[in-house]
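Novice: Sending over a structure as structure tokens; questions will come in a sec.
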Amino acid sequence: MKQIIVIFLSISAIYSQSLYANLTIYKDGYALVKQPVFWEDLDSDQNVIIWDVLPKGIVYNSPFLSLENANVLIQSFNKDVFHFSERLYDYLGTKVDIKLINSNDMSGTLIEVTDKTLTIQRRRSLISFNRDRVDYINVPSADNVQFKPTLKWTIQIDQEADTIAGDLTYLASGFSWNANYRFIIDSETDEAQFIAEAAINNDSNINFENAALSLVEGKLNMNEGAGNSSRSITNQLVTNPPERSELGDYHIFNIDTDMSLITKETIVTRLYPSRNVSFVKTYIFENEEKSQKDEPLSVEYDIPNTSENNLGIPLPKGEIQLYQLLENGTIEFIGKDEIRQIPRNETANISSGKAFDVLGTRKILNYDRQQKSEEASIAIQVKNSQMESIDVRLIEHIYGDWVIRNASTDYRKVDASTIHFMISVPRESSRTVTYTYRKEWK
């Protein structure tokens with residue numbers, strides 16, 4: 442039976458190039474690549490087609506080909522890429538020429554290859570060399586040298602067609618993305634500009650030109666097996682393509698504009714248009730039950746992820762940078778933080794570090810421990826040296842079976858070991874909160 446072999450040749454001698462692919466990129470280093478493919482001038486008889494524009498991190502048991510007007514009968518994946526150090530084993534028993542550094546050539550039959558030594562047999566002797574002393578080795582030409590992994594299919598054309606087209610789908614490592622946010626605060630309006638971006642990395646050896654990109658927030662379940670270790674993989678394909686890996690809970694961000702993702706390049710694109718949002722600024726003073734402190738308070742910003750706040754959008758996990766808009770229109774960096782995944786109608790909580798002119802002091806005024814009880818009186822003072830009033834959250838962690846007595850202001854029990862006091866402190870003044878906790882046990 443007549444066979445025609447059609448080979449797709451890569452465009453670049455160094456990096457292969459993909460056109461018009463769809464890439465779904467995950468945060469854990471993998472991507473699902475959906476590559477449009479076509480072959481021209483095929484015979485109506487059975488044909489063999491070949492494709493070698495593949496990234497080095499391809500998951501070897503993942504590729505499958507879907508064709509519009511042909512059936513795939515057999516798929517073979519040959520990843521026996523030429524590596525000279527590995528191919529030396531194929532020359533055992535063969536005459537080779539070895540040139541040592543600062544020495545003459547030497548010929549003999551190669552009889553042993555290890556990671557550190559080479560051994561040849563000469564007419565009357567055996568000679569072993571350290572490999573780091575070898576300048577070069579001259580061996581006979583190799584047959585069927587393959588420079589890159591190659592997919593090959595045997596197909597049956599359903600009807601006469603000059604062109605066979607379809608999609609090649611596979612998983613590959615070497616791709617990743619991260620969410621980056623910028624939060625530019627305008628203190629005069631109590632609003633901020635919220636910018637959400639994605640940094641997309643291509644660490645593969647393939648240039649993806651005019652690619653459609655989708656970004657997945659979630660972890661891909663990859664169970665690495667032994668199937669990737671063989672040199673050649675052949676699958677008999679009937680009707681069912683290989684199953685995709687299970688994703689679990691995730692959200693897909695589709696990038697509206699096709700773009701080129703060049704090898705070893707990172708591109709940054711907007712996840713959403715820039716938005717003006719409101720926020721709640723709170724100063725935090727957090728302590729354990731026996732702590733005594735005198736330190737600046739932490740500054741936190743709560744951003745409701747709601748449609749009423751011009752958001753109401755899924756926010757993936759990432760780094761957020763905080764900036765302050767000054768009166769002259771310039772901005773200054775004031776801190777950065779990590780935010781978790783924030784679904785719609787949840788609140789993003791971010792910290793910009795310690796305040797310079799808001800100080801907290803916590804003292805234990807009295808402590809009494811008996812055989813079956815413990816009692817402590819606490820005083821917490823917050824001093825505000827700013828020219829505006831502030832909101833403060835006092836977080837107290839108390840462990841065991843406790844009750845609160847004689848609190849100077851209202852508190853909220855958050856859980857079995859945490860209470861919160863919410864207070865306001867006027868400009869250039871201070872405020873003190875006192876309370877007593879008591880524990881009893883049998």
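Taken in order, the sequence shown gives residues 442 to 883; the numbers are from the numbering used here.
Backbone N, C-alpha and C define an ideal beta-carbon position, used for all residues, glycine too.
1) Closest to Leu-533 by C-alpha separation, out of Leu-460, Thr-550, Glu-527, Phe-518, would be which residue?
2) Does the count of Cβ pairs from the segment 834 to 848 and the segment 724 to 735 closer than 8 Å reach three?
3) By alpha-carbon positions, which one of Lys-589, Tyr-691, Arg-872, Lys-468 ends up nearest to Lys-892?
4) Under a three-way DSSP split, which group does Ser-544 fall into?
5) Report the option in Val-823, Ala-637, Asp-851 whose CA atom is closest to the CA atom of Val-866.
6) Report the three-state DSSP secondary structure of Ser-871 (helix, strand or coil).
7) Mapping DSSP to helix, strand and coil, what is Ser-569?
8) For Arg-528, report the span of its alpha helix (DSSP H) as first-last.
9) Take the Cβ of Tyr-622 as the centre, count every other Cβ of all protein chains shown within 10 Å, and call the residue buried at 16 or more, exposed below.
10) Report the three-state DSSP secondary structure of Glu-638 (helix, strand or coil).
11) Measuring CB atoms only, is the segment 705 to 713 touching the segment 766 to 777, in the sense that at least three cross pairs come out at less than 8 Å?
12) Tell me where the beta strand (DSSP E) around Ser-814 begins and ends.
13) For the putative contact between Asp-778 and Ile-754, defined by C-beta atoms under 8 Å, what is the C-beta separation to the nearest angstrom?
14) Report, in whole angstroms, the separation of the C-beta atoms of Leu-460 and Glu-650, which I expect to be a contact under 8 Å.
15) Provide the residue(s) that pair with Thr-723 in DSSP beta bridges, ordered along the chain.
16) Note down, in chain order, each residue of its chain lying with its Cβ closer than 8 Å to the Cβ of Glu-829, except the 5 sequence neighbours on either side.
17) Using the Cβ count rule (16 or more neighbours within 10 Å means buried), how would you classify Pro-714?
Specialist: To lay it out plainly:
1) Against the sequence shown, residue 533 aligns to sequence position 92. Checked all of Leu-460, Thr-550, Glu-527, Phe-518; the closest Cα to Leu-533 is Thr-550.
2) yes
3) Only positions 442 to 883 of the chain appear in this structure, which leaves residue 892 out of reach.
4) Residue numbering aside, residue 544 sits at position 103 when the sequence shown is read from its first letter. Residue state, collapsed to three classes: coil.
5) On the sequence shown, position 425 is the one that residue 866 refers to. Closest by alpha carbon: Val-823.
6) Translated into the one-based positions of the sequence shown, residue 871 becomes position 430. Strand, per DSSP.
7) In the sequence shown, the residue the question calls residue 569 occupies position 128. Residue state, collapsed to three classes: strand.
8) Counted from its first residue, the sequence shown places residue 528 at position 87. It spans 525 to 528 - the alpha helix (DSSP H) in which Arg-528 sits, taken as one unbroken run.
9) Translated into positions along the sequence shown, residue 622 becomes position 181. That one is buried.
10) Position 197 of the sequence shown, counted from the first residue, corresponds to residue 638. Strand at Glu-638.
11) no
12) Within the sequence shown, numbered from 1, the residue matching residue 814 stands at position 373. From DSSP, the beta strand (DSSP E) with Ser-814 extends over 814 to 825.
13) Within the sequence shown, numbered from 1, the residue matching residue 778 stands at position 337. Within the sequence shown, numbered from 1, the residue matching residue 754 stands at position 313. About 19 Å; that fails the 8 Å criterion.
14) Numbered from its first residue, the sequence shown carries residue 460 at position 19. Numbered from its first residue, the sequence shown carries residue 650 at position 209. Correct: roughly 5 Å between the Cβ atoms.
15) Within the sequence shown, numbered from 1, the residue matching residue 723 stands at position 282. Paired residue(s): Glu-741.
16) Working through the sequence shown from its first residue, we reach residue 829 at position 388. Excluding residues within five positions, the ones whose Cβ falls inside 8 Å are Arg-868.
17) The residue given as residue 714 occupies position 273 in the sequence shown. Burial call: exposed.
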